[in-house]
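Just so we're aligned: the sequence shown equals residues 1 to 1157 in the UniProt record's numbering. Using N, Cα and C, we set each Cβ at its ideal position, and we do this for glycine too. Quick caveat, the model's predicted, so the values are computed rather than measured. Notes follow once the structure below has been shown.
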Amino acid sequence: MVVQSILFLPFMNLPTGLRASLFFVVRLFRTVLCLDRRRKRRRDVEMGRITSEAEKTKSLDSVFGNNAIAANIASHLHYSDMVNVSLCKVTKQNVKDTRTMQHMAGCHAICTRCYLLRAPVEPAPLLATLHPGNLSFQRRDSATTGSGNVDLCSHCFTLTPEDITALREGREMAALQIALKRRIYCARCEKALPRKSMRWWICSNGNHECHWAGHDVGKKKALSASKSAATTASSSSGSHVTDAPAISRHEIGPAAHHLKHEMLRMYWDGVRRELPHILLTLRRWQTREDFAKTVIPDEEDHLIHGYDTFLDQVSHSSRKFSQRHSEQREQEGGLPSYTEALADRGWDVYAERKSQGIREEVRASLQAEAAAAEDSDQHVPHRRARMLLQSSQFLDIDKIIEYREPEKLVSFWKRPATPQITAMSYDDTHMPIFAPLPCSECNDVIRGCMFKNIQDKAVIICEGCYRRSHYGQANFTKVHKHCCFEDAVPPKVGRSICHCTTIRRRDGSGRLRTLFPIDPDTDNGTHLNEKARVGKVRCGLHQLTDMVAETKLAASRLKIDKTTTLDDARRDRVNMLKKLQKEAQEAARSEQKYRPAKVKNANAVDPEATTAEFGTSYGFTTESTENIPFFLRASAEKYPYGNVHMALRIGPLVVENGVSNTHGGVLITSRDPPNLQVLRDSAEDIEYSLLLTGRSGRKLYSQMRPRAPKRYKAMTKQVVGGAFCGFLDQAAEDALVDAVLAESRRLIDEGISVAQKTTMMNQSVERLIAKLTTYLSSRIEAYITSIAARLLDPEIDLRWNPQTNNCQTFCDNLIDRSLFGALLAANNPPPENNNTTAIPSPLYLLSFVVRPGAYTTKEKTKTKFDVPNGLTEEYLLKFRYGRHDEADIVDTLSEYWHDWGAFGGPIYPYQDLFPWDCTEAFGGYPVTCGAECNLAKHAWAFPFDSFSILSLHLARGRHLYPRDESTSLSGVMSDGAWFRNRLTVLLAQDVLLKAASAMARCGKFREATLWLHKQEDETRDRLKLGGIHRAQPFSHHFEKGAYHLYFVADWSHLARPLKIAAYEKLRDWRATRRDVGSDQSDMDGGDGGDEGCGGGGGCTAGGCGGFVAAGCSGVYDADGGGDTCGSNCLSTCGGDDGDGGGGCGGCGGCGGCGGCG
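Shown next as structure tokens:
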């Protein structure tokens, strides 16, 4: 400190302007070098002692700060008596006055201009500059304060005077933080000071600068350093990724002796805790008349189909066929010899027969099971009881991915998602002025779903503020990020924007028509230059999509990014491609070729045109520069796989590392029970947790850890245990289902006390536990034995490290791939000597476990026989490109229908829960999404994603879904809507398990998949994670692609029926395309056609406006070069490849015009 003081002395009397520059530099270096971290312990200068978080005792102030506790107390019968007791006061003497409000009253703010030109003030004290969080150093009279008498309650009277002062200062600083967000004017020039800009504070008492961190708005990190209670280090400190309070621990003993036993005990406690939710929900479904009599169509639909693509993707013969097809496509030169062609044809026939035999055997097994189910008289109640038992997933293993804020010191992860757009005002031409929608509380831009106050519709908050302050409140309802046209362009505004004389403005009855959304059938005319893009005056209604796109682009950039617009980028690309075409033609003429050479894909030469889809890191660092979309900039630096926190769930147990105050160890906790129709408060034992620490001699401790709501981003299914689906033990499962039905009917709802209900429930649970133990114990012991052995392995590090042992790597290390690596578990005969320690067979139903190297593949989908990336893969790997999604995977996928496509919501069944179109591209399974598909077909389009999203749905509460506004008066779903929601989720899980059971019983399929976990190429592990080739246009990271179509669909200004028609036109074209990169469809007679999707004039600037709308490059690389978007169409669109064919495919299937695939 003395050395620092000597070094700073020469700078104290410098001119004000120079001091300001130095102040900015010091603050910048403090941020970069993390010099202003929140300390774990703080020395109080006045008291001369150290206080820690562990020494603080619980107080009534902290208890009543809990909204749930306060609400229960307020509704208590004797609430008034409790208030009277709390009003009893005791006077305490010699309590020091608070310094916060007193200090703020003596300080005033000025703007930067006045500080530099009109502020003859003295510099701040040296210690005040070095310690901005310590209020004692800021003013010469702040070190000592007066004292007086205060009136206290009987509880606070027991506190020391120092603790009382600290509590009062903390409360005052919380109020100051709110007050500082309001408008403040400069004390010199009286201009308003923006909240996020620099404010210079001057202390009136002494006329010197004040550097107190409490003056800074939004500087929560700096402000927290001045609080009397110490806080834990932030996640950027490099020691952990999850903040948690310090909790006392009690030693159990050496982990080698106790870990397995304690984990098994926690497991069965979790099973006991979750059974009442199943029993209460089943009873509600049986006793409530509208639930008992309601049978949704999917309960009576026993047809399970749509799994053929998955069978082919993981079968050995089909993979060999795909490999031969790719090799033939890449070969250059003449035709193969007769012998080679005959051999290839023979192998193709063999592969088809093998595949057909597997499909027929699986189909026969499912048909027999469906026939048996239809003959059962008690099919519906038994199936519901079975599905509720399946919802517990007692034998499943999941990776749980939690939400985390982006790293503060790494700006790469701060690259935001597109915001929610709103019309903030209107200009003098009545055109809306679009801007990002700010949160009503924190004022940050909303970039995910939002929550609207149904009583005050002007109050719209982000998900973060909802979870912090309003979680579960019925007056807030969830709203997806959506297209703003409906609110921004009401009928009156639409008529004011459009002045086209050729448009009919009144209907047949003489009333003024609604001109927006545009409906050409009722307009009886065309709008002014509606298809023109550059250089002409257009009708304002046709400019709205471009305006929204530009607003989203501007709000998606960082300050360091190059300022550009979509039109500028489009012009640059078009000019570049013209130049490349000219150079190619000159080169062809110089080489005296008869036809021009093809121009290389623009992605190969222009980094800013690159729309690469995936990075190369999953728990590791990337080794090379990745191609990032032009508005995300290319980056050659190494970053880990995003700031997400991952934990491993085994049944009701959750294992994680990277939690603060766990001594670098591993935390084992219990999950919250699945969200079913009826919820029940969990017992206090849910707070019980285990703490494993150490390296070689590891110790096991127990803790009582307070619960907090979790915010999940996604879940990735690792192992499907197959419990209660008829696969493990049909007879035992039927007996358990009958027992659950009987116990639910034995419960009594009315006429008895709460204690009697609890006793009756506990008795029912214990009777069920006896049967469940027999059914589950052998397999769950094998699970726990394997996990415990990995946790005790000294080669597996427990301590979190962002580079070498982050939580993703730790979860991968816990899964024994020799035990769980095979797609289907080995079905060995039982041991003859009745060995109880032998691993039961089969151990599980289905495994999606892959090696980490499976996520580092750079392969592009070149043919329709390749396996494209799935939805969960795309969502998680977007973090590699700097995208920080506020929303979870379900809400992110829903943005396609609500925001980008501007449909106002899903257009087909099941898309509210599984937000995709299950139509297959390239002549795949011939069933389109909508009227022709059922729940099984929709779920089996993406089996890995469906299993994963089902787990996420079961972890979501009712308040995390939009309400049904037609029947619900509160902000949450009505009971009927919630019943259908949960039943559909359970039905989807049931059809997935039934089909997987049929596959596991198929001997031919088991034999065909043995190769998958034995082959050496790690990248092929991910074959079981893929899904169908999507015919859904622009669904493969629709943000990757064609300029403004990344932000808003080209049909968004049309009426809803026309939007759906335009969408289906593009989807059906992709569904009938012959192969990746092919411009021919089975609908065009095989000649390639030049009408694209059945008319539209190809991909030209004049045909449908698609060239300029989509930012198409006009180049097509037939040999698969450049980047594909997983849907097997190039990310650039094209006109002709020299063969006289039509246009190529744009991103996601169409470049925005009728002539693209």
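Cβ-Cβ distance between residue i and residue j below 9 Å
{"i": "residue 555", "j": "residue 419", "result": "yes"}
{"i": "residue 361", "j": "residue 1003", "result": "yes"}
{"i": "residue 739", "j": "residue 776", "result": "no"}
{"i": "residue 255", "j": "residue 667", "result": "no"}
{"i": "residue 527", "j": "residue 503", "result": "yes"}
{"i": "residue 515", "j": "residue 523", "result": "yes"}
{"i": "residue 986", "j": "residue 946", "result": "no"}
{"i": "residue 887", "j": "residue 895", "result": "yes"}
{"i": "residue 481", "j": "residue 448", "result": "yes"}
{"i": "residue 866", "j": "residue 1035", "result": "no"}
{"i": "residue 1029", "j": "residue 872", "result": "no"}
{"i": "residue 304", "j": "residue 983", "result": "no"}
{"i": "residue 808", "j": "residue 576", "result": "no"}
{"i": "residue 241", "j": "residue 152", "result": "no"}
{"i": "residue 270", "j": "residue 705", "result": "no"}
{"i": "residue 395", "j": "residue 779", "result": "yes"}
{"i": "residue 988", "j": "residue 938", "result": "yes"}
{"i": "residue 545", "j": "residue 1050", "result": "yes"}
{"i": "residue 402", "j": "residue 644", "result": "yes"}
{"i": "residue 294", "j": "residue 914", "result": "no"}
Which of helix, strand or coil DSSP assigns to residue i
{"i": "residue 759", "result": "helix"}
{"i": "residue 214", "result": "helix"}
{"i": "residue 278", "result": "helix"}
{"i": "residue 441", "result": "coil"}
{"i": "residue 912", "result": "coil"}
{"i": "residue 416", "result": "strand"}
{"i": "residue 90", "result": "strand"}
{"i": "residue 720", "result": "strand"}
{"i": "residue 800", "result": "coil"}
{"i": "residue 169", "result": "helix"}
{"i": "residue 322", "result": "helix"}
{"i": "residue 1161", "result": "Residue numbering for the chain in the displayed model covers 1 to 1157; residue 1161 lies beyond these limits and cannot be assessed."}
{"i": "residue 288", "result": "coil"}
{"i": "residue 813", "result": "helix"}
{"i": "residue 524", "result": "coil"}
{"i": "residue 824", "result": "coil"}
{"i": "residue 209", "result": "strand"}
Contacts around residue i, its chain only, beta-carbon distance under 8 Å, and the 5 residues preceding and following it disregarded
{"i": "residue 960", "result": "478"}
{"i": "residue 274", "result": "392, 652, 673, 674"}
{"i": "residue 788", "result": "259, 260, 263"}
{"i": "residue 941", "result": "306, 309, 916, 918, 920, 1027, 1028"}
Own chain residues within Cβ distance below 6 Å of residue i, not counting five before or after
{"i": "residue 850", "result": "1021, 1022"}
{"i": "residue 426", "result": "432"}
{"i": "residue 310", "result": "943"}
{"i": "residue 218", "result": "With a pLDDT of only 49 at residue 218, under the threshold of 50, the placement of this residue in the model should not be trusted, and no figure is reported."}
{"i": "residue 820", "result": "719, 847, 849"}
{"i": "residue 951", "result": "398, 715"}
{"i": "residue 321", "result": "351"}
{"i": "residue 400", "result": "647, 649, 715"}
Proximal residues to residue i (C-beta, below 7 Å), its chain only, five neighbours per side dropped
{"i": "residue 743", "result": "279, 764, 767, 768"}
DSSP bridge partner residues for residue i (one or two, in chain order)
{"i": "residue 423", "result": "434"}
{"i": "residue 701", "result": "251, 691"}
{"i": "residue 451", "result": "461, 478"}
{"i": "residue 1176", "result": "The shown model of the chain, from 1 to 1157, leaves out residue 1176, and the question about it has no answer."}
{"i": "residue 669", "result": "654"}
{"i": "residue 122", "result": "208"}
Taking contact to mean 3 or more Cβ pairs, one atom from each stretch, closer than 8 Å, check whether the segment 750 to 761 and the segment 800 to 816 are in contact. no
Are the segment 308 to 320 and the segment 1005 to 1012 touching by the rule of at least three beta carbon pairs closer than 8 Å? yes
Touching by the beta-carbon criterion (3+ pairs, under 8 Å), the segment 721 to 740 and the segment 379 to 391: yes
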